[in-house]
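One gets this note's numbering by counting positions in the first sequence from 1 and adding 235 to each.
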Amino acid sequence: MALPSTFALVDGNNFYASCERVFEPRLRGRPLVVLSNNDGCAIARSDEAKALGVAMGAPWFRIRHLEQQAGLVALSANFALYGDMSQRLMEVAAELGHGQEIYSIDECFIDLTGLPEASARARQTRERIQRWLGLPTCIGIGPTKTLAKLANHIAKSAERKPGSYPARLAQVCNLLELTARQRDWLLQRTPVAEVWGVGPRSAAQLQAHGVQTALDLQRLEPALVRQRWSVVLERTVRELGGLACIGFEQAPAPKQQIAVTRSFGQPVTELDDLRQALTHFGSRAAAKLRQQGSRAGALLVFIRTSPFRPQDAPYARSLVLPLNPPSDDTLRLVGTALQALQALYRPGYRYAKAGVLLLDLQSGQPQAELDWGAPPAGSGRSQRLMQALDAVNDRFGAQALWLGSAGGGGGAPTAGCTEPAVRPWQMRQQRRSPRYTTRWDELLQVHAG
DNA sequence: TCTGGGGTCCTAGGACCC
DNA sequence: TCTGGGGTCCTAGGACCC
236 MALPSTFALV DGNNFYASCE RVFEPRLRGR PLVVLSNNDG CAIARSDEAK
286 ALGVAMGAPW FRIRHLEQQA GLVALSANFA LYGDMSQRLM EVAAELGHGQ
336 EIYSIDECFI DLTGLPEASA RARQTRERIQ RWLGLPTCIG IGPTKTLAKL
386 ANHIAKSAER KPGSYPARLA QVCNLLELTA RQRDWLLQRT PVAEVWGVGP
436 RSAAQLQAHG VQTALDLQRL EPALVRQRWS VVLERTVREL GGLACIGFEQ
486 APAPKQQIAV TRSFGQPVTE LDDLRQALTH FGSRAAAKLR QQGSRAGALL
536 VFIRTSPFRP QDAPYARSLV LPLNPPSDDT LRLVGTALQA LQALYRPGYR
586 YAKAGVLLLD LQSGQPQAEL DWGAPPAGSG RSQRLMQALD AVNDRFGAQA
636 LWLGSAGGGG GAPTAGCTEP AVRPWQMRQQ RRSPRYTTRW DELLQVHAG
C-alpha cells in the first residue's frame with residue numbers, strides 16, 4: 236500500500252528584499268521595497284516596509300513620501316541577482332527530501348513521503364540556507380500541497396508576530412505532528428483569502444456566503460462548491476481536507492507559451508522605436524524557446540497605450556501570425572514580429588507597452604511526416620547561426636550579440652552588434668544594486684579594516 | 001408554422017499564481 | 001509626472017460536422 240504523501244514547502248521570506256540585504260547589511264532592519272521594472276510599483280517588501288502599511292503592488296509615486304518620513308529604501312529589481320541566489324537556494328533545499336518541484340523563484344515543494352523526522356530535517360535545511368546563503372526561509376509541511384502552503388503561511392506568521400501562534404510553529408510548521416483539534420484551530424485562524432487557490436474574486440464571494448476562514452471552506456460540501464464556484468475551488472476544498480489532488484511535478488513541463496513583454500520607460504510614438512523594442516523582445520523570446528528545445532507555430536504581437544492615462548487616446552491591438560513550418564530562428568521570429576507590427580502600428584498614439592508571445596509551441600525536431608516540402612534553404616546554416624548566437628550570449632552576457640534590425644529599412648533583419656543607446660522604450664532602473672554574483676565587474680569589494 | 005442531438009475543436013476571457 | 005512581467009488552467013460559446 237502506498238504511503239500517505241507528505242509535502243514540504245520551502246519559501247524564502249521577502250525573497251527579493253532578503254537577497255539585497257545579503258550584500259548590503261546596512262539595509263537590515265530598515266524598511267525596504269524592491270520595485271518592478273520601470274521602478275513602477277513595489278513587488279517585494281521587508282517586514283519593516285509591511286509594518287509601514289506598504290501594500291503589494293503599491294505604485295512608487297504613492298509611497299515615496301515614506302522615503303523622507305520613515306526612512307523607506309527602494310531598489311530597482313535586480314533579477315540577475317535574484318535568479319542566481321534562487322539557484323543556490325534550490326540546490327540546498329533539494330537535499331531535504333527525495334524530490335523537488337521548483338514552483339517559483341523563491342519556492343519549492345519537496346517530497347518527504349516516508350521520511351522520518353521531517354520537522355528536524357526541515358529545521359536543519361532552514362539553518363543551512365540561512366548560514367550558507369544568508370537567506371531566511373520558512374518551511375510548511377502537510378499531507379497535500381495546499382496544506383503545506385497553509386503550514387508555511389502559519390510558520391511565517393508565527394515568526395513575524397510572536398504571540399499570534401504557539402512559538403514552536405514559527406519557521407517550521409508541520410501539520411502532521413498536530414492533533415485534529417490543533418489543526419482545526421489553525422485553519423480557523425486563517426482567513427479564507429490566504430488559502431492557496433482562493434483569489435480576491437472568490438474570497439469576496441465566499442465571504443458573502445459566510446465562509447470566512449480556511450476551516451469554513453474545508454467544511455463546505457465539495458459538490459456544492461463545484462456547482463456554485465468551480466472545479467478548481469472544489470479541488471482546493473478536498474486538499475484542505477487532506478486528500479492530495481495536486482500532483483508532484485519533478486521535471487518542469489516545457490512551457491506552452493513564451494512571452495516577453497515590457498512597459499516602456501517613456502511613452503513611445505515612433506514606429507522605429509517600436510521596431511527596436513520588438514526586435515529586443517523577439518530575440519529574448521527566441522532564446523528562451525531554444526533553451527527549452529521547442530519551436531513556435533505562431534507568434535503574437537501586441538502594442539497598447541496606457542490604461543492609466545485617460546488623457547491619452549486609447550489603442551490596444553494584437554495580431555497573431557502563423558509560422559509555417561514552426562521555427563526557433565531568431566531572424567525568422569523577429570522578422571515575423573516586425574511584419575505584425577507594421578500591420579498594427581497607427582501613428583499619433585502614445586504607446587506604453589508592447590510584447591511578443593510565442594504560441595503553439597512544439598518540442599523536438601520538426602515532424603517529418605507532415606509535408607512542409609523541402610527544408611527551407613539554409614536551414615542548417617540557420618541552426619548553426621543560432622547556436623553561435625546562443626553560445627556568444629551565454630559566454631558574454633545576453634546583450635553581447637544583437638540584431639541590427641532596428642533601423643528603418645524594413646528588410647529582413649540581419650545579425651550584428653549594436654551600440655547600446657538610451658531609447659525611450661528602454662525601462663527605467665535608477666536604483667539597481669550591483670549584479671554581485673553574475674558579473675565580474677560588479678563583484679562585491681571587501682576592504683580590510 | 002413547424003425546425004434534433006450530440007460531438008469536437010477553437011478562441012476569448014476570467015481567475016489564479018508568484 | 002510616476003501603476004510589472006510571465007505563466008497556468010478552466011469555461012462558455014461559436015463554428016462545424018454527422
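Backbone N, C-alpha and C define an ideal beta-carbon position, used for all residues, glycine too. Please read all numbers here as calculations on a predicted model, not as lab measurements.
H444, buried or exposed, once every other Cβ within 10 Å from all chains shown has been counted against 16: On the first sequence, position 209 is the one that residue 444 refers to. The residue in question, H444, is exposed, as its Cβ has fewer than 16 Cβ neighbours within 10 Å.
Look at the alpha carbon of H515 and the alpha carbon of E677, and state the distance between them as a whole number of angstroms. By one-based count along the first sequence, residue 515 stands at place 280. By one-based count along the first sequence, residue 677 stands at place 442. So the alpha carbons of these two residues sit roughly 24 Å apart.
Would you mind sorting E394 into buried or exposed? The rule is 16 or more other CB atoms within 10 Å of its CB. Your numbering for residue 394 matches position 159 in the first sequence. So E394 ends up on the buried side.
What three-state label does DSSP hand L450 in the structure shown? The residue labelled residue 450 in the question sits at position 215 within the first sequence. Reduced to three states, the DSSP call for L450 is helix.
Could you tell me the distance, in whole angstroms, from the CA atom of A390 to the CA atom of R403? Here residue 390 refers to the residue found at position 155 of the first sequence. Here residue 403 refers to the residue found at position 168 of the first sequence. If you take the alpha carbons of A390 and R403, they lie about 9 Å apart.
Does the beta-carbon of G643 have 16 or more other beta-carbons within 10 angstroms, so that it is buried, or is it exposed? Residue mapping note: residue 643 aligns to position 408 of the first sequence, counting from 1. Because the pLDDT at G643 is just 39, under 50, the model does not fix this residue reliably, and the point stays unresolved.
Between the alpha carbons of N272 and S498, how many angstroms are there, rounded? The count along the first sequence starts at 1 and reaches residue 272 at position 37. The count along the first sequence starts at 1 and reaches residue 498 at position 263. In a straight line, the C-alpha of N272 is about 8 Å away from that of S498.
In the DSSP assignment, the beta strand (DSSP E) including A533 goes from what residue to what residue? Sequence index remark: in the first sequence, residue 533 carries index 298 (1-based). Element bounds for A533: S529 to T540.
So what does DSSP say about N409, is it helix, strand or coil? As a position in the first sequence, residue 409 is number 174, starting the count at 1. In the structure shown, N409 sits in a strand (DSSP, three-state: E or B).
To the nearest angstrom, report how far apart Q526 and Q303 are at their CA atoms. Taking the first residue of the first sequence as position 1, residue 526 is located at position 291. Taking the first residue of the first sequence as position 1, residue 303 is located at position 68. Cα-Cα distance, rounded: 45 Å.
Grouping DSSP H, G and I as helix and E and B as strand, with all else coil, what is D319? The residue given as residue 319 occupies position 84 in the first sequence. Three-state result, D319: helix.
Just checking Q447 against the ligand FMN - is the residue's beta carbon closer than 7 Å to any of the ligand's heavy atoms? With respect to the ligand FMN, the structure shown offers nothing to examine, as it has no ligands at all.
Hey, would you say C343 sits closer than 8 Å to A357, going by beta carbons? Residue 343 sits at position 108 when you count from the first residue of the first sequence. Residue 357 sits at position 122 when you count from the first residue of the first sequence. Taking 8 Å as the Cβ cut-off, C343 and A357 do not qualify as a contacting pair.
Near K523, what residues of its chain come up, given a Cβ to Cβ distance below 7 Å and the 5 sequence neighbours on each side ignored? Taking the first sequence and counting its residues from 1, one reaches residue 523 at position 288. Same-chain partners within the cutoff: I493.
In angstroms with no decimal places, state the Cα-to-Cα distance between W464 and S437. Mapped onto the first sequence, residue 464 falls at position 229. Mapped onto the first sequence, residue 437 falls at position 202. Between W464 and S437, the C-alpha separation is close to 8 Å.
Sorted by chain position, which residues of the same chain lie with C-beta nearer than 6 Å to A428's C-beta, five sequence neighbours on each side aside? Counting from 1 along the first sequence, the entry for residue 428 is found at position 193. Apart from sequence neighbours up to five positions away, the residues of its chain that approach A428 with a beta-carbon distance below 6 Å are A438, ordered along the chain.
Label D564 either buried or exposed according to how many other C-beta atoms from any shown protein chain fall within 10 Å of its C-beta, with 16 as the threshold for buried. Working through the first sequence from its first residue, we reach residue 564 at position 329. By the 10 Å Cβ count, D564 comes out buried.
Can you tell me which of the three DSSP states P489 falls into? Stepping through the first sequence from its first residue, residue 489 is reached at position 254. If DSSP states are grouped into helix, strand and coil, P489 belongs with coil.
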